[in-house]
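Presented below is the structure to which this report refers.
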Amino acid sequence: MIVVDGASLTCADVVAVAPGGAAVVLSEEALKAATESYETALVVSATRPVYGRTTGVGANRDALVGTGDRETHDLRLLLSHAAGVGERLDDTVTRAALLVRLNQLAAAGSGIHPRFLQALEAALRTGSVPAVHDAGSIGTGDLSMLAEIGLTLTGHVPWATGHVPPIVLDPGDALAFLSSNAVTLARAVLVGDELSRLLDAAHVVAALSYCALGGASEAFAEQVHARRPHPGTVDSAARMRRLLWHEGDLSPGRRIQDPFGLRAFCQVQGPALEAAGYLRRVLEVEINAAAENPLIDVGSASAYHHGQFSTAYPALALDNLRAAVHHVAELSAARLGDLVEPEYTGLPAFLANGPSGSSGVMILEYVAHDALGRLRHSAGPVTLGTSVISRGVEDHASFTPHAARSAASAAQSYRTVLACELVAAVRALRLDDAIPSGRALARIFTRLADAIPDIRTDHQLGEEIRTAADLLPDLADSAREGP
100 MIVVDGASLT CADVVAVAPG GAAVVLSEEA LKAATESYET ALVVSATRPV YGRTTGVGAN
160 RDALVGTGDR ETHDLRLLLS HAAGVGERLD DTVTRAALLV RLNQLAAAGS GIHPRFLQAL
220 EAALRTGSVP AVHDAGSIGT GDLSMLAEIG LTLTGHVPWA TGHVPPIVLD PGDALAFLSS
280 NAVTLARAVL VGDELSRLLD AAHVVAALSY CALGGASEAF AEQVHARRPH PGTVDSAARM
340 RRLLWHEGDL SPGRRIQDPF GLRAFCQVQG PALEAAGYLR RVLEVEINAA AENPLIDVGS
400 ASAYHHGQFS TAYPALALDN LRAAVHHVAE LSAARLGDLV EPEYTGLPAF LANGPSGSSG
460 VMILEYVAHD ALGRLRHSAG PVTLGTSVIS RGVEDHASFT PHAARSAASA AQSYRTVLAC
520 ELVAAVRALR LDDAIPSGRA LARIFTRLAD AIPDIRTDHQ LGEEIRTAAD LLPDLADSAR
580 EGP
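Each residue of the sequence shown is one higher than the one before, counting from 100 in the numbering used here.
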């Protein structure tokens with residue numbers, strides 16, 4: 100049961116609710132606070148111009164909305180902003196967005212009628228999902244997507260799944276509901292969690308490659324990382340020591356120095372771990388924020404016009420994480436190259452096991468480097484562009500939605516790269532008839548050997564790659580556990 104109070108929602112909560120799992124309940128205190136915000140908005144709007152309530156929006160900010168026209172004006176806002184183009188959002192993302200928007204409204208700064216909070220809670224409780232199309236957002240508010248949700252809540256468009264009784268649209272409700280980046284934040288939370296889990300799983304995959312390659316444990320020694328103690332690198336090295344069970348036993352390995360894929364693993368992995376942690380912290384501020392413009396503040400009984408709709412923080416955090424993940428994926432592909440090289444493994448080229456000229460796992464490198472190339476395209480920064488729209492009034496955009504979409508593409512590619520390395524590492528250990536000496540890693544390897552088919556003659560490798568990719572989330576949990 101996740102209690103929505105506008106202040107304590109976590110990324111883990113969003114991840115739990117998104118697939119339709121955890122139950123959601125709106126706190127009575129949050130509903131009361133939202134009611135007070137709504138009542139304050141009515142008073143303030145009667146005494147001074149308030150953007151989107153007594154005026155139009157964007158370049159129409161100086162156009163006054165007549166008192167007899169307000170409800171129609173709000174409906175016009177929803178209808179005109181709901182473009183309804185692009186691919187339909189996955190239900191998981193939509194449910195996450197409903198939760199984020201509910202929690203933001205529970206922070207009680209929008210002045211929206213509290214019935215909107217109750218309707219969102221009902222949708223999450225009953226599994227009702229609106230049809231939301233993924234287009235029209237540039238990082239200054241998910242206007243088109245939220246307009247579609249608003250029209251669904253008010254009964255103007257049908258639900259895609261389930262049904263919640265339609266609610267009345269009061270004057271001022273439209274902009275109060277639209278003024279958010281909830282959909283983008285929801286997607287960022289989900290992809291941030293996925294990338295974080297893949298980064299965790301990478302420790303297990305790299306540890307298996309280390310064993311197959313006869314790596315030297317000195318690179319992970321506590322003494323080494325204490326002398327340049329970046330938190331992510333120190334954390335990564337500690338995880339590798341737990342998996343390999345080499346504390347106090349610095350095995351020399353087969354070489355005086357390993358290739359970078361092993362020797363510099365923690366130094367490259369560390370920045371990615373920190374980037375994932377930073378993104379999580381940024382998003383947990385955002386999903387608990389009363390960032391609607393204008394802010395209706397009960398304490399001062401005032402409306403404040405501002406720029407809190409800007410999402411520069413998550414945009415830059417997403418750009419940073421994608422770039423860091425690309426570096427990590429490069430090392431995974433490099434280790435895969437080492438695993439098919441007899442000089443490093445002492446095994447046949449391409450881990451082949453059959454007549455002369457057998458290809459073994461040769462194709463894994465092609466698949467991995469194709470995925471790495473796609474990841475490289477996804478890793479480019481989106482925050483270098485901007486836009487000037489609405490007759491020049493809105494002259495900056497962070498393009499955070501594009502950063503989140505690129506992160507989802509990067510996650511898919513990185514998963515494939517890791518899966519290819521995992522298939523090769525397991526095959527190398529099987530061909531060498533070896534079991535990792537570390538107790539934790541030996542248990543993991545036994546589970547993997549049971550799950551990944553052991554076919555040593557040349558054959559299609561698609562099943563192994565898909566199976567390995569599906570196993571990565573479980574490996575992430577193993578990477579967090581002690582020996």
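We treat Cβ as the ideally placed atom computed from N, Cα and C, and that holds for glycine.
- Taking a cut-off of 8 Å on C-beta distances, the region 259-278 touches the region 225-242, as three or more cross pairs fall below it.
- Nearest C-alpha to D553 among Q511, P500, L450, S508: L450.
- Across the structure, Q203 and V263 are spaced so that their CA atoms are roughly 20 Å apart.
- DSSP places V103 in the uninterrupted beta strand (DSSP E) bounded by 101-103.
- Within the region 367-417, there are no complete alpha helix (DSSP H) runs of at least 4 residues.
- In this structure, P413 keeps its C-beta atom at 9 Å or more from the C-beta atom of V367.
- Within the DSSP bridge table, the entry for T154 names L163 as partners.
- Annotation for V460: no alpha helix (DSSP H) segment contains it, and DSSP assigns it neither H nor E.
- Taking one beta carbon from each stretch, the region 312-331 and the region 279-287 have fewer than 3 pairs nearer than 8 Å; the two do not touch.
- Put simply, the backbone Cα of D334 is about 45 Å away from that of T134.
- Inter-segment contact for the region 425-440 and the region 464-474 is present: three or more beta-carbon pairs are separated by less than 8 Å.
- The C-alpha of A115 is placed about 29 Å away from the C-alpha of A306.
- No beta strand (DSSP E) of 3 residues or more sits fully in the region 178-218.
- T499 and L417 do touch by the CB rule: their CB atoms are close to 7 Å apart, below 8 Å.
- Exposed is the label assigned to L483, since fewer than 16 other Cβ atoms lie within 10 Å of its Cβ.
- It is roughly 54 Å from the alpha-carbon of A145 to the alpha-carbon of G369.
- Take R555, set aside five residues on each side of it, and the residues of its chain with a beta-carbon closer than 6 Å to its own are N452, in chain order.
- Collapsing the DSSP output to three states places P264 in coil.
- Restricting attention to A467, D357, A510, the CA atom closest to the CA of A422 is found in A510.
- Inter-segment contact for the region 300-316 and the region 533-540 is present: three or more beta-carbon pairs are separated by less than 8 Å.
- The criterion of a C-beta distance shorter than 9 Å is not satisfied by V525 and I564.
- Approximately 15 Å separates the beta-carbon atoms of A121 and D104; this is outside 8 Å, ruling out the contact.
- With a cutoff of 9 Å on beta-carbon distance, S136 and I211 are scored as near each other.
- A Cβ-Cβ separation of about 5 Å places L298 in contact with A371 under the 8 Å criterion.
- Note on geometry: alpha-carbon atoms of S477 and V397 lie some 43 Å from one another.
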